[in-house]
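Visitor: One structure, pasted below without further comment.
Number of protein chains: 2
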Amino acid sequence: MSGRRAREPEVIIGLNAVIVAVTEEVPRLLTVEPTLDAPGVWEDEPAGPPPALPFGPLDPEGDATLQLGLRRWVREQTGRELGYVEQLYTFGTRNREPAERLGEARVVSVAYLALVREESPSGASGARWLDWYRFLPWEDWREGRPALLDGVIGPALDRWAAGAADVSSRSAREERVDITFGRRGGLWDGERVLERYELIYEAGLAVEALWDHRLRRLRGEPEDGAPRLALPRSALPGQPMAFDHRRILATALGRLRGKIRYRPVIFELLPETFTLLQLQRAVEALAGVRLHKGNFRRLVEHGGLVEGTGRLEVRTGGRPAELFRFRREVLRERQAPGVGLPGLRPVTAS
Amino acid sequence: MSGRRAREPEVIIGLNAVIVAVTEEVPRLLTVEPTLDAPGVWEDEPAGPPPALPFGPLDPEGDATLQLGLRRWVREQTGRELGYVEQLYTFGTRNREPAERLGEARVVSVAYLALVREESPSGASGARWLDWYRFLPWEDWREGRPALLDGVIGPALDRWAAGAADVSSRSAREERVDITFGRRGGLWDGERVLERYELIYEAGLAVEALWDHRLRRLRGEPEDGAPRLALPRSALPGQPMAFDHRRILATALGRLRGKIRYRPVIFELLPETFTLLQLQRAVEALAGVRLHKGNFRRLVEHGGLVEGTGRLEVRTGGRPAELFRFRREVLRERQAPGVGLPGLRPVTAS
DNA sequence: CCATTTATGCTCAAGATGAGCATAAGGAGC
DNA sequence: GCTCCTTATGCTCATCTTGAGCATAAATGG
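Sequence order for the protein chains is U and L. Counting in this note's numbering, the first sequence tops out at residue 351, every number present. Counting in this note's numbering, the second sequence tops out at residue 351, every number present.
Here you go:
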C-alpha cells in the first residue's frame with residue numbers, strides 16, 4: 002500500500018455542531034468566537050474574527066461514540082443538553098483548519114445538526130444566536146425573490162461563466178449556474194443550498210476563498226494562483242463565517258429543508274403545543290418560502306401530523322387559535338410523515 | 002477543555018466503500034476478504050472469515066480530500082476508477098475495528114457509496130461481487146413478503162420486546178418494532194433499512210453482536226454482559242459481514258433507496274442506452290419491490306427523465322423494445338428528478 | 001360600531017396516481 | 001404458416017391530491 006509512512010502522521014477528529022432554533026419566525030444558529038487561533042488570517046477584517054460554529058475535539062480514549070463526544074463538549078461548554086442530533090457530513094479537505102497550518106496534525110471534522118427549542122442566551126462566552134440567513138441571504142424567499150440574486154449574484158455568475166477557458170467549459174459552467182440557481186425557466190430548488198454556496202465560492206463571491214488561500218500560503222502548499230474576488234469586499238453577498246463553516250451551514254440548511262418534508266423534525270423546534278400558524282411560520286423559516294395557509298392546514302391536519310388539544314391561544318392578534326400538538330401515532334400510520342411532498346411550494350396569495 | 006491529554010492518542014481515518022452495481026436484475030456489492038487480522042474473532046466461523054467491504058486508510062499527508070483518498074486506494078487495489086461517489090456516514094464507535102484491539106489507535110471510518118456500471122470481476126485478490134440481499138434478505142420484497150419476516154424475525158422481535166425490564170420499556174420496544182417493521186397496520190417503509198438492521202442486531206439476531214463482544218473482551222473494556230443470540234447460529238437471518246460492515250451496507254441501501262426517488266442516480270448503474278424494462282428492473286432491484294409497468298413508463302417518459310433513441314433492442318424475449326437514454330435537460334426542468342414521489346409503491350398485478 | 005387581524009371551513013378545477021385492458025410485434029415449437 | 005408465449009406500448013378511468021381562492025368567525029383597537 003503506497004503512501005503509508007513508518008511514523009503515522011497525526012490526525013485530530015473535530016466535532017462541529019450546527020445548533021438551530023427557530024424563534025419569532027427567525028431560524029437561528031448558535032455561533033461562537035473562533036477558538037483556534039489563526040494569526041494573520043483575519044488581520045484585515047474590519048469587524049474582527051467572523052462568527053464560528055461551536056467546535057470541540059473528539060477524545061479518542063474517553064468518547065465511546067462520536068455523537069457522545071459532541072454531546073459531552075456541548076454540555077461542558079454551554080451547559081446545554083442537546084436533544085435531537087443528526088450527523089451531517091464529514092469534512093476532511095486539507096488545510097481547512099488553522100491548527101494544520103502549524104504542521105501539527107490533519108484535522109477531519111464531523112459536523113452534526115442539532116435542533117433545540119428554547120433560545121436561552123447560552124452560558125458560553127462569546128456565544129450568540131444569529132439569524133442564519135445573514136450568512137446565506139439569497140436563500141430567504143419569504144419576502145419574494147431576494148434582490149441580491151439579480152443585482153449582485155446573477156451578473157457575477159455570468160462573468161464567471163464567461164471567463165471560462167474554452168467553449169465547452171463555458172457551457173458547462175452556464176448549465177451548472179442555470180440548474181443550481183433555477184435560471185432560464187428552471188425552478189429554484191430550495192434544497193440545493195450547498196451547491197449554490199459552492200458556486201458562489203468558486204465565482205469569487207465569498208471572502209473565505211481569500212482566507213483559504215492565505216492558509217495554504219502560510220503552510221507552503223502548492224498554489225494555483227491567488228483567487229480574485231469578483232466584487233469589492235463590502236459588496237459580497239452574505240456575511241462570512243470562520244474557516245469553512247459557511248459551507249457546513251449550507252450543508253445543514255439543505256439537509257434540514259429536505260428532512261422536514263418526510264420526517265416530523267419540525268416539532269423538535271416548537272414548544273409542546275402550538276398554533277397552526279406558529280407551525281407554518283417555523284416551516285416557512287426553514288424552507289425560506291411562504292406557504293398557502295389553507296393548504297398547509299389541510300396537509301398537517303388531514304395528514305394526521307397534529308391533533309387539537311381543545312385549548313386556545315388568545316394572543317394571536319386576531320381570533321384565538323386552537324393549540325395543537327404533534328401526533329406521535331402518525332409515525333406508524335404514514336410512510337414519510339413530514340410537511341410537504343410536494344406541498345412545500347411557494348405561494349402567490351396567502 | 003477537559004478530557005485532553007498531553008500525549009495525543011492516535012487516530013486513524015479509515016475509508017470504506019460500498020461499491021454497487023446492478024446486473025441481471027441483481028444488486029451487487031463488491032466485497033473482499035477482511036484485511037485487518039482479527040485473531041480469535043472468527044475462529045469458530047464454519048465458513049471462514051466473512052466478506053468485508055473494501056477498506057483503505059486515509060493518508061493524512063498525501064490525500065488532499067477524503068474522497069480523493071478513497072479514489073486513490075480503490076484505483077491502487079482494484080485498478081478501477083470510480084465514477085459516482087457520495088459520502089454516506091462516519092462511523093466512530095470505539096472498538097469497531099480489530100486494529101483497536103491492540104491498543105494502537107482509534108479508528109474512525111468514513112463510508113462512501115459508489116455506483117458503477119460494468120461488473121468486471123475486479124483485479125483484487127479475494128474480491129467478489131455478491132448479491133447484497135444475501136446479507137439483508139428481509140429487504141427484498143420483489144417476490145412478495147419474505148417468509149423470513151413471519152417465520153423467524155417476527156417471533157424473535159416479539160420475544161425481545163416481551164423481555165424488556167419493565168412495562169414502559171416494553172411498550173417502547175413494541176412501538177419501535179411496529180414502526181420499523183410496519184406491523185399492526187403500519188406500512189413497510191423501504192428506506193428504514195438501517196433501523197431494521199439495528200433492531201435485528203439488538204434483538205440478538207445478528208452474529209456480529211457476538212464478535213463485537215469478543216473484541217471488547219479482548220481489549221478489556223467494561224462489559225455489560227455477553228449478548229445472547231436469540232436463535233442458533235444457523236437459523237439467523239441473512240449472512241453476516243465482517244466488523245460493522247453489515248451496518249454500513251444497511252446505511253447504503255437505505256440512502257440509495259431514498260435517493261433514487263429524487264435524483265437520477267439510477268442511470269449511474271445502467272448502460273448509456275437501455276429499455277424501459279431494464280430501467281424498471283434496476284429500480285426494483287434497489288427498491289426491493291415490484292412496480293406497475295404502465296405507471297412506471299408514464300412516470301419516466303412523461304416526467305421527461307428519458308428520451309427514446311429510435312433504435313431497438315431485439316433480445317427482449319418478446320416484442321423488440323425501444324432503447325432510451327437519460328435526458329439531462331430534466332435537471333433544469335424538474336425540481337427533484339427521480340423515479341418515484343410517490344410512485345415507488347409495491348404493486349399487485351404487473 | 002367599524003376596520004383590522006387572524007382562524008377556520010369549504011369549494012372547485014386541474015393534475016397525479018393506481019389499476020387494469022387491449023393491441024402490437026417479436027420468437028419457439030409444431 | 002399457425003399457435004402460444006413473451007414483452008412492448010398505448011389508453012382508459014375512477015380516485016386522490018394539490019393549488020388557489022372565497023366566506024365566515026372571533027378576537028382587538030380605535
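Cβ coordinates follow ideal geometry from the N, Cα and C atoms, glycine included.
1. Is it true that the CB of residue 192 of chain U sits closer than 8 angstroms to the CB of residue 259 of chain U?
2. Taking 8 angstroms as the limit between beta carbons, can you name the residues of its chain near residue 205 of chain L, skipping five residues before and five after?
3. Closer than 8 angstroms, Cβ to Cβ, to anything on chain U: give me those residues from the segment 135–159 of chain L, in chain order.
4. Please classify residue 156 of chain U: does DSSP put it in a helix, a strand, or coil?
5. Since I believe residue 253 of chain U is in contact with residue 89 of chain U (beta carbons under 8 angstroms), could you give me their beta-carbon distance rounded to a whole number of angstroms?
6. Give the residues of chain U in contact with residue 334 of chain L, contact being defined as C-beta atoms less than 9 angstroms apart.
7. Of the residues L:130, L:242, L:148, L:19, which one's Cα is nearest the Cα of residue 49 of chain L?
8. Which residues does DSSP list as the beta-bridge partners of residue 85 of chain U?
9. If you draw a straight line from the alpha carbon of residue 325 of chain L to that of residue 279 of chain L, how long is it in whole angstroms?
10. Would you mind giving the Cβ-Cβ distance between residue 255 of chain L and residue 108 of chain L, rounded to the nearest angstrom? I have them listed as a contact below 8 angstroms.
11. Assign residue 313 of chain L to buried or exposed, taking buried as 16 or more other Cβ atoms, counted over all protein chains shown, within 10 Å of its Cβ.
12. May I have the straight-line CA-CA distance separating residue 64 of chain L from residue 94 of chain U, to the nearest angstrom?
13. Keeping to the same chain, check which residues put their C-beta closer than 6 angstroms to that of residue 74 of chain L; ignore five residues upstream and five downstream.
14. Could you work out which residues of chain U lie near residue 12 of chain L, taking near to mean beta carbons separated by less than 8 angstroms?
15. Since residue 85 of chain L contacts residue 266 of chain L with CB under 8 angstroms, what's their CB separation in whole angstroms?
16. Would you list, in chain order, the members of the segment 63–88 of chain U that have their beta-carbon closer than 7 angstroms to a beta-carbon of chain L?
17. Counting contacts by CB-CB distance shorter than 8 angstroms, is residue 32 of chain U in contact with chain L?
18. Would you check if the distance between the CB atom of residue 130 of chain U and the CB atom of residue 262 of chain U is smaller than 8 angstroms?
19. Between which residues of its own chain and residue 143 of chain L is the CB-CB distance below 7 angstroms, once the five residues before and five after are set aside?
20. Using only CA atoms, which one of U:43, U:18, U:246, U:23 lies nearest to residue 271 of chain U?
21. Ignoring anything shorter than 3 residues or poking outside the segment 229–303 of chain U, list the beta strand (DSSP E) runs there in chain order.
22. So, with DSSP's three-state summary, where would you put residue 203 of chain U?
23. Residue 136 of chain U lies in the alpha helix (DSSP H); which residues open and close that run?
24. By a C-beta neighbour count over all protein chains shown, 10 Å radius and 16 as the cutoff for buried, is residue 339 of chain U buried or exposed?
25. How would you label residue 328 of chain L, buried or exposed, when you count the other beta carbons within 10 angstroms and need 16 or more for buried?
26. Return the chain-ordered ranges of every beta strand (DSSP E) run that is complete within the segment 315–344 of chain L and spans a minimum of 3 residues.
27. What whole-angstrom Cβ distance do residue 114 of chain U and residue 257 of chain U have, given they're in contact under 8 angstroms?
28. Would you verify that the beta carbon of residue 252 of chain L is, or is not, closer than 8 angstroms to some beta carbon of chain U?
29. So residue 26 of chain U and residue 282 of chain U are supposed to be a Cβ contact under 8 angstroms. How far apart are they, rounded?
30. Return helix, strand or coil for residue 309 of chain U, following the three-state DSSP convention.
31. Determine the DSSP secondary structure at residue 57 of chain L, reduced to helix, strand or coil.
32. Is the shortest distance between the beta-carbon of residue 94 of chain U and the beta-carbons of chain L less than 8 angstroms?
33. Name the residue from L:251, L:43, L:91 whose alpha carbon lies nearest to the alpha carbon of residue 141 of chain L.
34. Looking only at C-alpha atoms, which of U:302, U:134, U:164, U:171 sits nearest to residue 198 of chain U?
35. List the DSSP bridge partners of residue 16 of chain L.
36. Output the boundary residues of the alpha helix (DSSP H) element that contains residue 146 of chain L.
Guide: Here's the rundown:
1. yes
2. 157, 161, 228, 229, 230, 231, 232
3. none
4. helix
5. 6 angstroms
6. 186, 187, 188
7. L:242
8. U:116
9. 10 angstroms
10. Wrong, their Cβ atoms sit about 23 angstroms apart, outside the cutoff.
11. exposed
12. 9 angstroms
13. 57
14. 11, 12, 13, 14, 59, 61
15. 7 angstroms
16. 63, 65, 66, 67, 77, 88
17. no
18. no
19. 285, 289, 290, 291
20. U:23
21. none
22. helix
23. No alpha helix (DSSP H) contains residue 136 of chain U, which DSSP labels as neither H nor E.
24. buried
25. buried
26. 322–327
27. 7 angstroms
28. no
29. 5 angstroms
30. strand
31. strand
32. yes
33. L:251
34. U:134
35. L:57, L:111
36. That residue, residue 146 of chain L, is in no alpha helix (DSSP H); it is neither H nor E in DSSP.
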